[in-house]
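See structure below.
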Amino acid sequence: MRAQDETSSHLRVERLSLPDSLALATRGKAPFAALGYGTPHGVAWMPTVNARVLSPHGAMADVWHVSAPHIESGTTGIARWRTDGHWLLGAIDLDEATEQQGLAELAHRAYRDLFKTLDQAGISHLQRIWNYLPRINADGGGLERYRQFNLGRQEAFLEAGRAAFEGAPAACALGIHQGALSVRFLAGPQAPLPVENPRQVSAYRYPETYGPRSPTFSRAALADIGDGNIALFISGTASIVGHETVHHGDVREQTRETLRNLQAVIDAANARGSAKFSLAELDCVVYVRNPSDTEAVRGILEGALGADAPMTRHAVYLEADICRSDLLVEIEAHTVAAGQLRA
Ligand code: 3EB
């Protein structure tokens, strides 16, 4: 380990059970930040994905640690954030019932304040975004709500002068059953390296049949997190080949296709430097549309990876709708490996 200094901060992440992650704060000061999966429990350093947990080990959290000693927290408009001066984790929750605005406008507002947060903190580079929208597939007055979200999101990226096509951050966008429009974001000191999937059309190049404005995300992003480590952030990945959904109505085949896509993204990432990632090592979140499909999806993962693989053991299963009504499952993930990115 190199000595801590003022000019850099190493980022580290660990996946824990919810009780273990909460215990970190009772043994001294709170960790930098965490993203919880399950019912929210009002801990300021742990914004939560408000969805039903379908896995047997219950609620989990990804806890992020930094090596810089001082953590500051605050709000910028509607965004809450924590930062050590190098890394920033932010959260936005907008309740449509009280906001009285359409989803396109709300997404636009959320992202405007997200970019304002980064500008004010001087932490410019988005590494990863997690989006959660109530009723994602419902009609929002002539346009599906996910497509409305895409309108507001892309508009905010363009207004802020941010890369909305090549160079867009890694992201996921899921439909939750209760709660607010929620955006969680991780930013850092350097622009990550975007990675695409050769089996899929880039989402920012989807044809207009999927909505008037394309989704704003790269398939994955590679980030130097210090101390000789590279993080791979893999966006929400589903049973899409080219730009089309494949295996309609077949959750097992959709899961197999999703694993092929994850492997293709990992292969593309592994070609970008000396850090070598593997499917079996991912810390993933599996979003399942129909809770009754959970065992089928778990069976495919276990069969493909083995019961002892870290990915099998660490996987969190959440009930969520996917951004296309014909998709039954989606997997997003992160993983860390020692190495360097090719210059
Ligand atoms: C897909 O491949 C599935 O709108 O931010 C995956 C990841 C998906 C991110 C987003 C959407 C998003 O198109 C959906």
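Convert by adding 43 to the 1-based position in the sequence shown; the result is the number in my numbering.
Backbone N, C-alpha and C fix where the C-beta goes; we use that ideal spot for every residue, glycine too.
Quick caveat: nothing in here was measured; it's all calculated off a predicted structure.
> Taking 7 Å as the cut-off, is the CB of P334 close to at least one heavy atom of ligand 1?
Replying inline: no
>> Just to confirm the assignment, what range does the alpha helix (DSSP H) spanning H108 have?
In response: From DSSP, H108 is part of no alpha helix (DSSP H) but of the beta strand (DSSP E) over M103 to V109.
>> Suppose the cutoff is 7 Å on Cβ atoms and the five residues either side in sequence are ignored; what does the same chain contact list for E57 look like?
In response: V106
>> Less than 8 Å between CB atoms is the rule here; does Q221 satisfy it with respect to chain B?
In response: Absent from the structure: chain B. Only one protein chain is present.
> Just checking my contact of I309 with R332 at CB under 8 Å: how many whole Å lie between their CB atoms?
Replying inline: Going by Cβ atoms, the distance from I309 to R332 rounds to 24 Å, so no, they are not a contact pair.
>> Tell me which residue opens and which closes the alpha helix (DSSP H) that E345 is part of.
In response: Annotation for E345: the continuous alpha helix (DSSP H) segment containing it runs T337 to L348.
>> For A339, which residues in the same chain have their Cβ closer than 7 Å to its Cβ, ignoring the five residues on either side in sequence?
In response: Non-local beta-carbon contacts of A339 in its own chain, meaning distances under 7 Å to residues more than five positions away in sequence, involve V294 and R295 in chain order.
> Less than 8 Å separating the beta-carbons of A260 and A213?
Replying inline: Position check: residue 260 holds Phe in this sequence, whereas Ala was assumed. Cβ distance < 8 Å, so F260 and A213 count as in contact.
>> Quick check: the Cα distance between D127 and P112, rounded to an integer number of angstroms?
In response: 7 Å
> When every heavy atom of ligand 3 is checked, does at least one fall within less than 7 Å of the C-beta of G210?
Replying inline: This structure does not include ligand 3; its bound ligands are ligand 1.
> How should A147 be labelled, buried or exposed, when 16 other C-beta atoms within 10 angstroms of its C-beta is the threshold for buried?
Replying inline: Buried is the label assigned to A147, since at least 16 other Cβ atoms lie within 10 Å of its Cβ.
>> Helix, strand or coil for V244? Go by DSSP, reduced to three states.
In response: coil
> DSSP three-state call for H168: helix, strand or coil?
Replying inline: strand
>> I'd like to know whether the C-beta atoms of Q297 and S278 end up nearer to each other than 8 Å.
In response: no
> Among S257, Q243 and C215, which residue has its Cα nearest to the Cα of F208?
Replying inline: Checked all of S257, Q243 and C215; the closest Cα to F208 is S257.
>> In the DSSP assignment, the beta strand (DSSP E) including E198 goes from what residue to what residue?
In response: Counting along the chain, E198 falls outside any beta strand (DSSP E), though it belongs to the alpha helix (DSSP H) covering R188 to E202.
>> Taking only three categories from DSSP, how would you classify V289?
In response: coil
> What's the call for Q221, buried or exposed, on a 16-neighbour Cβ count within 10 Å?
Replying inline: exposed
>> Please tell me whether G183 and A363 are closer than 8 Å, where the distance is taken between their beta carbons.
In response: Inclusion of G183 and A363 in the CB contact set at 8 Å is not warranted, their separation being larger than that value.
>> Can you tell me whether A312 sits near ligand 1, meaning its C-beta is under 7 Å from at least one heavy atom of the ligand?
In response: no
> In this structure, does DSSP put P235 in helix, strand or coil?
Replying inline: coil
>> Can you tell me which residues form a DSSP beta bridge with Y360?
In response: V329
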